[in-house]
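K.L.:
Sequential numbering from 1 applies to the sequence shown in the UniProt record's numbering.
Virtual Cβ for every residue (Gly too), placed ideally from N, Cα, C.
Please find one structure pasted underneath; my questions will follow.
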Amino acid sequence: MASDAGPGYEPAKLLSLVPQGAHGEYFLDRYHCLQKIEHTLGHHNELAMRAIKAVRHRDQAELTIILDTYESQNLTEKQADDLMRLRKYLQRNWRYILSPQMRGFKDIHLIGSVESSHRAFTYRMKKQGKSWTEQGAKAMIGLIEARMNGELQASLNTILEQLTVLPRVAQTSLLQEMHIRTGEFLRKAPTKPSIGAVQGIIPINTATSRPMGQHFKALTH
Numbered sequence: 001m002a003s004d005a006g007p008g009y010e011p012a013k014l015l016s017l018v019p020q021g022a023h024g025e026y027f028l029d030r031y032h033c034l035q036k037i038e039h040t041l042g043h044h045n046e047l048a049m050r051a052i053k054a055v056r057h058r059d060q061a062e063l064t065i066i067l068d069t070y071e072s073q074n075l076t077e078k079q080a081d082d083l084m085r086l087r088k089y090l091q092r093n094w095r096y097i098l099s100p101q102m103r104g105f106k107d108i109h110l111i112g113s114v115e116s117s118h119r120a121f122t123y124r125m126k127k128q129g130k131s132w133t134e135q136g137a138k139a140m141i142g143l144i145e146a147r148m149n150g151e152l153q154a155s156l157n158t159i160l161e162q163l164t165v166l167p168r169v170a171q172t173s174l175l176q177e178m179h180i181r182t183g184e185f186l187r188k189a190p191t192k193p194s195i196g197a198v199q200g201i202i203p204i205n206t207a208t209s210r211p212m213g214q215h216f217k218a219l220t221h
């Protein structure tokens with residue numbers, strides 16, 4: 001998995017999400033890393049281009065020289081603070097800059113960052129003010145993940161198989177319990193005697209200005 005190692009997306013936190021995995025690999029997202037260098041040193045600064053090249057070639061010694069050269073310039077207080085944060089960021093995440101090929105994964109060429117990969121989940125689960133219980137959220141995430149990996153039908157078949165192999169004893173017990181509860185309800189429900197049909201007459205000599213007269217007029221016209 002990959003991210004920019006920002007708050008909430010640190011390597012340790014992301015790797016802790018898959019404790020059942022036999023082995024986990026974390027990659028520092030290259031785009032965010034190079035963007036941070038350009039933002040700190042300047043988009044049109046030659047030193048920024050050299051620093052990016054040093055990162056791509058994993059040349060930490062050259063990168064240190066470039067950052068020292070930039071620091072020797074007449075920097076503002078903000079520029080000096082940004083440079084210090086960049087140094088710490090690169091030092092903290094340097095081992096995660098290695099590409100998949102450098103780590104022995106020959107068939108992996110590109111790996112999306114967490115920010116782009118989570119959209120399939122957030123777009124489905126956050127729109128229209130939806131709210132989820134923990135159990136419901138986990139179930140929906142499992143369905144979305146299975147669909148993205150082309151395993152949705154297999155997952156649904158597995159769930160259906162688990163539902164259809166319930167012990168027959170449990171099914172019989174459930175039916176008996178439903179029958180008992182229905183019987184208890186019928187015994188406890190009070191009965192009311194029927195009063196039959198209600199009879200009445202509408203007098204024909206009632207004034208049409210009165211409600212009964214208006215009703216008679218509506219029936220006869």
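According to DSSP, simplified to helix, strand and coil, what is Leu90?
P.N.:
Walking along the sequence shown from the start, residue 90 turns up at place 90. Three-state result, Leu90: helix.
K.L.:
Between the beta-carbon of Leu67 and the beta-carbon of Arg87, is there less than 8 Å?
P.N.:
To locate residue 67, count along the sequence shown from 1; it is residue 67. To locate residue 87, count along the sequence shown from 1; it is residue 87. Yes. Within cutoff.
K.L.:
Considering just the uninterrupted stretch of the alpha helix (DSSP H) at Glu134, what are its terminal residues?
P.N.:
Looking up residue 134 in the sequence shown gives position 134. Element bounds for Glu134: Glu134 to Met148.
K.L.:
Give me, in chain order, the residues of the same chain whose beta-carbon lies closer than 7 Å to that of Asn205; leave out the 5 immediate sequence neighbours on both sides.
P.N.:
Stepping through the sequence shown from its first residue, residue 205 is reached at position 205. The answer is none, since no qualifying residue turns up.
K.L.:
Could you check what DSSP says for Leu98 in three-state terms: helix, strand or coil?
P.N.:
The residue you call residue 98 lines up with position 98 of the sequence shown. Residue state, collapsed to three classes: coil.
K.L.:
Report the start-end ranges of each alpha helix (DSSP H) in the region 20-91 that is 4 residues or longer and not cut off at the edges.
P.N.:
Fully enclosed alpha helix (DSSP H) runs of 4 or longer: 30-41, 46-56 and 60-71.
K.L.:
Determine the closest residue to Leu34 out of Lys106, Arg124, Leu90 and Glu77, with distance taken between C-alpha atoms.
P.N.:
Locating residue 34 in the sequence shown gives position 34, where the first residue counts as 1. Taking only the C-alpha atoms, the option nearest Leu34 is Leu90.
K.L.:
Where does Thr208 fall in DSSP's three states?
P.N.:
Residue mapping note: residue 208 aligns to position 208 of the sequence shown, counting from 1. Coil.
K.L.:
Judging by CA-CA distance, which residue of Ile97, Leu152, Glu25 and Glu71 is the nearest neighbour of Arg58?
P.N.:
Here residue 58 refers to the residue found at position 58 of the sequence shown. It is Ile97 whose Cα lies nearest to the Cα of Arg58.
K.L.:
In whole angstroms, what separates the C-alpha of Ile144 from that of Lys106?
P.N.:
The residue you call residue 144 lines up with position 144 of the sequence shown. The residue you call residue 106 lines up with position 106 of the sequence shown. Going from the Cα of Ile144 to the Cα of Lys106 covers about 28 Å.
K.L.:
Are there 16 or more other CB atoms within 10 angstroms of the CB of Thr40, so buried, or fewer, so exposed?
P.N.:
Here residue 40 refers to the residue found at position 40 of the sequence shown. Per the 10 Å Cβ criterion, buried.
K.L.:
Express the C-alpha separation of Met140 and Met125 in angstroms, rounding to a whole number.
P.N.:
Numbered from 1 along the sequence shown, position 125 holds the residue referred to as residue 125. Numbered from 1 along the sequence shown, position 140 holds the residue referred to as residue 140. Rounded to whole angstroms, Met125 to Met140 spans 8 Å at the Cα level.
K.L.:
What is the DSSP secondary structure of Ser16, reduced to helix, strand or coil?
P.N.:
Taking the sequence shown and counting its residues from 1, one reaches residue 16 at position 16. Of the three classes helix, strand and coil, the one that applies to Ser16 here is coil, per DSSP.
K.L.:
Buried or exposed: Ile65, going by 16 or more other Cβ atoms within 10 Å of its Cβ?
P.N.:
Taking the sequence shown and counting its residues from 1, one reaches residue 65 at position 65. Exposed.
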